[in-house]
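The numbering of the sequence shown is UniProt numbering, which starts it at 1 and goes up by one.
Below is one structure; the comments refer to it alone.
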Amino acid sequence: MDSARVAVSNSRFLKRFVNNCLHTNLVLLGIVGGTVHAEENPIARIAEKRIIGPTTIIAESKSELNFKARVDTGATTTSLHVEEWAIEEESPEMAENVGKKIRIRIKNHRDESQWIESRIEEIGTVKTSAVDEQRYKVKLTLRWNDVKKRVLVTLNDRSRMKYPLLLGRNFLQGDFVVDVDLKKQTQSEILQVLEKPIEPSTPAKATPADDRLAESDEVEVSESLQ
1 MDSARVAVSN SRFLKRFVNN CLHTNLVLLG IVGGTVHAEE NPIARIAEKR
51 IIGPTTIIAE SKSELNFKAR VDTGATTTSL HVEEWAIEEE SPEMAENVGK
101 KIRIRIKNHR DESQWIESRI EEIGTVKTSA VDEQRYKVKL TLRWNDVKKR
151 VLVTLNDRSR MKYPLLLGRN FLQGDFVVDV DLKKQTQSEI LQVLEKPIEP
201 STPAKATPAD DRLAESDEVE VSESLQ
C-alpha cells in the first residue's frame, strides 16, 4: 500500500514538472501568455538589441563626418584614423599630456576632414608584431543610426587601412549583436540616413600622428598608463 502511494505521488510530481517545463517553453516561443524577464532569458536579451554587420557607417557627432567602419568584437576599444593633432603645452613625455586638451584632424573615406577638440583621457599600449606602441585615447560621441554613445577612442594612423574607423566592444556592448551575413544593401540604408558632405575647416598648428601599422598585427595589452 505504501509503495502504491509513493508511486502515485511520484507520478503527480513528474506530471507537474513536465507541464511547467512545457509552459515555460511555450512562453519563450510566444505561443502562450507569460512574462519572461530579459535578464533571465538570453533569447529575450538578444531580441532587444540592434543587429549590426561586419562593416557599417558611423557618424562622429562634433564634425558630423561619417566613417566607414569595420566591426571588431576582438578589440576592446574603438580606434579612429587621425591625420594630425595639436596638444596644448605639449610635453615630449606622453604620460605628462594626459588631461590636456587636444585638437585632432580626422578624415573619412571620402577625404572629408574636420578639426575637433577633445581631452586626452589616458594612454593605451598596443602590441604589434614588431614593438609595443603607446597611443592617446580621447572620448568622442559616435552614432550608429539611432544609437549614440560617448566612448573612449584610440587615436591612430589608419591611412593604409581600408576602414578609417575600427568599432570595438566599448561601443557594441549592451546594444548590438553582430551578424557577419548582413547584406550590403542594409549597410547602404544606414549610409542614406547618416551621410552628409561636410566642408573641411582650416587647420591650425598640428603634429603628425605617425603610426603606420598593419591592422591585423595590433593587440591592445594595456588600458591605461596614467
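Just so you know, even glycine gets a beta-carbon here, dropped at the ideal spot from N, CA and C.
Residues that DSSP places opposite residue i in a beta bridge
i, result
"Q114", "I106"
"residue 267", "Past the edges of the chain, shown from 1 to 226, lies residue 267, and the structure says nothing about it."
"A69", "T56 and L165"
"V151", "L140"
"N156", "H81"
"V177", "I51"
"K101", "R119"
Under 8 Å between C-beta atoms of residue i and residue j
i, j, result
"Y163", "R70", "yes"
"E84", "R105", "yes"
"L167", "I58", "yes"
"K107", "I123", "no"
"V147", "D179", "no"
"R135", "H81", "no"
"S63", "I116", "yes"
"L142", "E60", "yes"
"E96", "L65", "no"
For residue i, three-class secondary structure by DSSP
i, result
"L142", "strand"
"Q83", "The sequence given here has Glu at residue 83, not Gln. Strand."
"A75", "coil"
"E60", "strand"
"L167", "strand"
"S182", "It should be pointed out that residue 182 corresponds to Leu in this sequence rather than to Ser. Correct three-state label for L182: coil."
"E96", "helix"
"A214", "Any reading at A214 must be qualified, since the residue scores a pLDDT of 38, below 50, and its modelled position is unreliable; the value itself is stated next. Note: A214 maps to coil in three-state DSSP."
Proximal residues to residue i (C-beta, below 8 Å), its chain only, five neighbours per side dropped
i, result
"K139", "S118, R119, E121, R150, V151, L152 and V153"
"K100", "I87, E88, E89, E90, R119 and I120"
"V177", "I46, K49, R50, I51 and I52"
"V98", "I120, E121, E122, I123 and Q226"
Residues of its chain near residue i, where Cβ-Cβ distance is below 6 Å and the 5 sequence neighbours each way are ignored
i, result
"E199", "The predicted model places E199 with a pLDDT of 49, which falls under 50 and marks its position as unreliable; any figure quoted below should be read in that light. Once the five neighbours on either side are set aside, E199 has no close Cβ partner at all."
"E133", "V126"
"L165", "I58, F67, A69 and L80"
Beta-carbon proximity list for residue i, same chain, < 7 Å, skipping 5 on both sides
i, result
"R169", "T73, A75 and T76"
Quiz item: Are the region 88–97 and the region 173–184 touching by the rule of at least three beta carbon pairs closer than 8 Å?
Solution: The answer is no - the region 173–184 does not touch the region 88–97, with fewer than three Cβ pairs under 8 Å.
Quiz item: Does the count of Cβ pairs from the region 50–63 and the region 124–134 closer than 8 Å reach three?
Solution: No, the region 50–63 does not touch the region 124–134.
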